[in-house]
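Asker:
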Amino acid sequence: MTIRRDRPGGPRPAPSGPGRSRTGSFRAGERRAAPGGPRGGPEDPVVLYGWHPVVQALGNAGRRLHRLLATENGAARLAEALGTLPIVPEIVRPSAINALLGPDAVHQGLYLEVDPLPAPGLDALPEDALLLALDQITDPHNVGAIVRTAAAFGVAGIVTTLRHSPSATGVLAKSASGGLEHVPLITVRNLAEALIELGERGFTRIGLDSEAEADLDAVGPRRPAIVVLGAEGKGLRQRTRECCDMLARIAFTGEIRSLNVSNAAAITLYALRRPAQG
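In this text, residue positions in the sequence shown follow the numbering used here: the first is 1, and each later residue adds one.
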């Protein structure tokens, strides 16, 4: 494996671009690359850090790679796991990555800048797809955990909105633990309109609602289908509820009657899984 050692004093400056100085830092008034990631546009670079997100991205031929920073230990682990790397890493000290992400980011000696992945249109989804839709879920930890769970259950895509949703970078990517390479985020301007379009295509639209009369167990596996999840506290918005074919709740048996939305997503996907073949 070929590696490049950085000059003393830190990593090579990032390429300048909109909102950035030649040193790679954001100008006054712009958000710097923090663990949660800037709320950028679709052409802004994606920041991935940590073992699973970086390894999965390096193994994804669909990712366009720009810059890989690694500590000596991080680079050695990558070489052992992947062999020849698709991009030459710059060897830096952990403090250089800390300076880019902040001291609380668990980067495990790996930092990668990539392009966003392309996402399919709603009309290009498989006829038997299972989808998730996120109704103004803004916490990147929760969204990342949902992406990871979706990858584990073979979800074909996650529908989210341009506003009131985190970018697929930083903390979200770390929480997804590589799931972003397997489950596309399909960004729409209006969630209700997207649900209407999917309904016209034959998708069963299932809203998860703690106050629903129907138990999730009674829904059973349906394809194509989209499960709609609301933000914690607020739940589904009224317009979103109106666009669902049915509302269902998780049947709790204990004293606590609510869960973190990412945990609720995992239970829901398990309940709606197809029966095992054979």
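Ideal Cβ positions, reconstructed from N, Cα and C, are used throughout, including at glycine.
#1: Determine whether the beta carbon atoms of Asp279 and Arg249 lie at a separation below 7 Å.
#2: What did DSSP end up calling Asp115 once you bin it into helix, strand or coil?
#3: How close, in whole Å, do the beta carbons of Pro221 and Arg273 come, if the pair is a contact with beta carbons under 8 Å?
#4: Between the Cα of Glu113 and the Cα atoms of Ala271, Gln238, Arg63 and Ala129, which residue gives the shortest distance?
#5: Determine the closest residue to Arg241 out of Arg223, Ile196 and Asp115, with distance taken between C-alpha atoms.
#6: Looking at C-alpha atoms only, which residue of Gly121, Thr161, Glu90 and Ser177 is the closest neighbour of His141?
#7: Near Ala192, which residues of its chain fall below 7 Å by C-beta distance, leaving aside the five closest residues on each side in sequence?
#8: Are the beta-carbon atoms belonging to Gln108 and Ala231 less than 7 Å from one another?
#9: DSSP three-state call for His182: helix, strand or coil?
#10: Only counting the same chain, and skipping five residues up and downstream in sequence, which positions put a Cβ closer than 6 Å to that of Gly179?
#11: Can you grab the Cα-Cα spacing for the pair Pro166 / Ala79, in whole Å?
#12: Should Thr84 be labelled buried (16 or more other beta-carbon atoms within 10 Å of its own) or exposed?
Answerer: The answer reads as follows:
#1: Residue 279 lies beyond the range of the chain shown here (1 to 278); nothing can be said about it.
#2: Residue 115 sits at position 115 when you count from the first residue of the sequence shown. In this structure, DSSP gives Asp115 a state outside helix and strand, which the three-state scheme calls coil.
#3: Here residue 221 refers to the residue found at position 221 when the sequence shown is read from its first residue. Here residue 273 refers to the residue found at position 273 when the sequence shown is read from its first residue. Between Pro221 and Arg273 a beta carbon distance of about 6 Å is seen, short of the 8 Å cut, so the two are scored as contacting.
#4: On the sequence shown, position 113 is the one that residue 113 refers to. Out of Ala271, Gln238, Arg63 and Ala129, the CA that lies nearest to the CA of Glu113 is found in Arg63.
#5: As a working mapping, residue 241 is identified with position 241 in the sequence shown. Comparing alpha-carbon positions, the option among Arg223, Ile196 and Asp115 lying closest to Arg241 turns out to be Ile196.
#6: Residue numbering aside, residue 141 sits at position 141 when the sequence shown is read from its first letter. Nearest option by C-alpha distance: Ser177.
#7: The count along the sequence shown starts at 1 and reaches residue 192 at position 192. Closer than 7 Å at Cβ, skipping near neighbours: Arg239, Thr240 and Cys243.
#8: Start at 1 with the first residue of the sequence shown, and residue 108 comes out as number 108. Start at 1 with the first residue of the sequence shown, and residue 231 comes out as number 231. Going by beta carbons, Gln108 and Ala231 fall outside the 7 Å limit.
#9: As a first step, residue 182 must be located in the sequence shown, where it is residue number 182. Correct three-state label for His182: coil.
#10: Within the sequence shown, the letter at position 179 stands for residue 179. Result list for Gly179: Val147, Arg148 and Ala151, in chain order.
#11: Residue numbering aside, residue 166 sits at position 166 when the sequence shown is read from its first letter. Residue numbering aside, residue 79 sits at position 79 when the sequence shown is read from its first letter. Each residue's alpha carbon lies about 32 Å from the other.
#12: On the sequence shown, residue 84 is found 84 positions in, with the first residue counted as 1. Exposed, since its Cβ has fewer than 16 Cβ neighbours within 10 Å.
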